[in-house]
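In the numbering used here, the protein residues as written are 81 to 474.
Here a beta-carbon is modelled for each residue, glycine too, at the ideal position from N, C-alpha and C.
Just so we're clear, the structure is a prediction, and the values are computed from it rather than from any experiment.
One structure is given below, encoded as structure tokens.
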Ligand SMILES: Cc1cc2nc3c(=O)[nH]c(=O)nc-3n(C[C@H](O)[C@H](O)[C@H](O)COP(=O)(O)OP(=O)(O)OC[C@H]3O[C@@H](n4cnc5c(N)ncnc54)[C@H](O)[C@@H]3O)c2cc1C
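Written out as structure tokens, the structure is:
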């Protein structure tokens, strides 16, 4: 039976890294005095994308908006202790990304590096001989170039960042509630309330959809077609006996699309599956054939030392895959104006969480973006069928 409960100025559906970042940034804005409720169906966070992410951050995008979002992401990570508390440990390792290219890929790498440098990213292009000198363990004979992030790129502990954002938001008055949103109440082109599976109803001034791979379902409750699907990505962990020879090792993205990076004493690696083997899914079965057929041969080709590696473990998680252009969809719905998207991040949502959290808070409090202009990622491009031309999708 439906039970009407308290009303909130802002209701955020989904309380992982994006929902917690929006909540946190609302509390940091002195212009905001409203009540905020975050509704999260699984506070263990064991299946959400955030927990299963590789938690890496790069400046090496091809569009200014994505570069700007990651630039604030890096600033936030570097200053996390000041912002979130001295005891917060997010273990940010600023070890860089190395994107490799062969043949015509070199021209794209060069074009992207020009954009990145113009926008203030600290990257440098390296030819095969420079790559060989800097990374003697890399097989370079078939490479045309590499682009290395000298600073502002690396990896961190996304789970710790999520909890730090959430705990700080709670300490500043945000309420987190365990529950599953199953319906939205709309009247006169305005979202009035959310309904939970247990029948409770909460009225809201604004609603933020931060439900990751489930974002399409929440949008459908408001009759909105959002091009976001749950797509599986697998991560494999391996041991390389001669790991110290590879130090320092950035996150390497090979020309094959296979990536790897160090993780403690081990390495993690993976690849996006071929397009015809990438259906929408909610299962978490690890696709071991990806490792055997694509990942390991590419690893052994690029780093001869990886011919003798030992597979240690694996996991899978879900991308909130934007089928239009694999980039985030952020901002207000053009008609149902109090419905805000923070969705479709595909493979780069944890690094964008600080900037998107701040941007959504700015929209709510000030009615417009105040810092990074995130409007190129607005829902308007979905309505127009106009994909963002981001060339560096991983
Ligand atoms: C294998 C893998 C590797 C990745 N690597 C990177 C990387 O290196 N760098 C990077 O930046 N990004 C990476 N990503 C992407 C990144 O993890 C996501 O973009 C990011 O975590 C999205 O956060 P989110 O809060 O939107 O979604 P999620 O973390 O999925 O959280 C959504 C939350 O909404 C809740 N929810 C859903 N439906 C409801 C409902 N009806 N009611 C209430 N609550 C609900 C869920 O329980 C969940 O907690 C990776 C993802 C995967 C799977």
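Would you kindly report the start and end of the unbroken beta strand (DSSP E) that includes residue 305?
Premise fails: residue 305 is in no beta strand (DSSP E) and is neither H nor E.
Determine the direct distance from the alpha carbon of residue 338 to that of residue 489, and round the result to whole angstroms.
A query on residue 489 cannot be resolved here, the shown segment of the chain reaching from 81 to 474 and no further.
Is the shortest distance between the beta-carbon of residue 301 and the beta-carbons of chain B less than 8 angstroms?
In summary, chain B is missing from the structure at hand, where a single protein chain is found.
For residue 471, count neighbouring C-beta atoms within 10 Å of its own C-beta (all shown protein chains included) and say buried if the count is 16 or more, exposed if not.
exposed
Of all the beta strand (DSSP E) runs that stay within the bounds of the segment 228-260, which reach a length of 3 or more residues?
For the segment 228-260, whole beta strand (DSSP E) runs of length 3 or above, ordered along the chain, are 255-258.
Who are the near neighbours of residue 182 in its chain, counting only those whose CB is closer than 6 angstroms to its CB and skipping five residues on each side?
222, 223, 224 and 335
Who are the Cβ neighbours of residue 445 in its own chain at under 6 angstroms, not counting the five residues just before and after it?
Hits under 6 angstroms: 109, 111 and 112.
Beta-carbon gap between residue 407 and residue 306 smaller than 8 angstroms
no
Going by C-alpha to C-alpha distance, which of 464, 288 and 122 sits closest to residue 405?
464
Give a yes or no on whether the C-beta atoms belonging to residue 320 and residue 396 are separated by under 8 angstroms.
no
Following the continuous beta strand (DSSP E) through residue 186, name the residue where it begins and the one where it ends.
That residue, residue 186, is in no beta strand (DSSP E); its alpha helix (DSSP H) goes 185-198.
What distance in whole Å lies between the Cβ atoms of residue 258 and residue 123, which are believed to be in contact at a cut-off of 8 angstroms?
5 angstroms
Nearer than 7 angstroms: is that true of the beta carbon of residue 425 relative to any heavy atom of ligand 1?
Because some heavy atom of ligand 1 lies under 7 angstroms away, the Cβ of residue 425 counts as near it: yes.
Just grab the DSSP bridge partners of residue 319 for me.
390
Which one of 103, 105 and 132 has the shortest CA to CA distance from residue 427?
132
If you run the structure through DSSP and keep just helix, strand and coil, what is residue 89?
strand
Residue range of the beta strand (DSSP E) that includes residue 285
280-289
Would you kindly check if the distance between the Cβ of residue 245 and the Cβ of residue 101 is under 8 angstroms?
yes
Segment contact, 8 angstroms Cβ cut-off, at least three pairs: the segment 233-242 with the segment 262-282
no
Can you grab the Cα-Cα spacing for the pair residue 285 / residue 415, in whole Å?
15 angstroms
For residue 134, count neighbouring C-beta atoms within 10 Å of its own C-beta (all shown protein chains included) and say buried if the count is 16 or more, exposed if not.
buried
Give me the Cβ distance between residue 420 and residue 443, rounded to the nearest whole Å; I'm assuming they're in contact under 8 angstroms.
7 angstroms
How many angstroms separate the CA atom of residue 351 from the CA atom of residue 197?
27 angstroms
Using C-beta distances below 8 angstroms, list every residue in its chain close to residue 173, excluding the 5 sequence neighbours before and after it, in chain order.
234, 235 and 236
Sequence-distant residues of its chain with Cβ nearer than 8 angstroms to residue 214 (five each side left out)
Excluding residues within five positions, the ones whose Cβ falls inside 8 angstroms are 206 and 228.
Could you please give me the residues that DSSP links to residue 175 through a beta bridge?
For residue 175, which the question treats as bridged, DSSP gives no partner whatsoever.
Whose C-beta lies closer than 7 angstroms to the C-beta of residue 301 among residues of the same chain, with five residues either side of it excluded?
263 and 264
When you measure from the CB of residue 243 to every non-hydrogen atom of ligand 1, does any distance come out below 7 angstroms?
No, Cβ of residue 243 sits at least 7 angstroms from all heavy atoms of ligand 1.
Compute the minimum distance between the beta carbon of residue 372 and the heavy atoms of ligand 1, and state whether it is under 7 angstroms.
no
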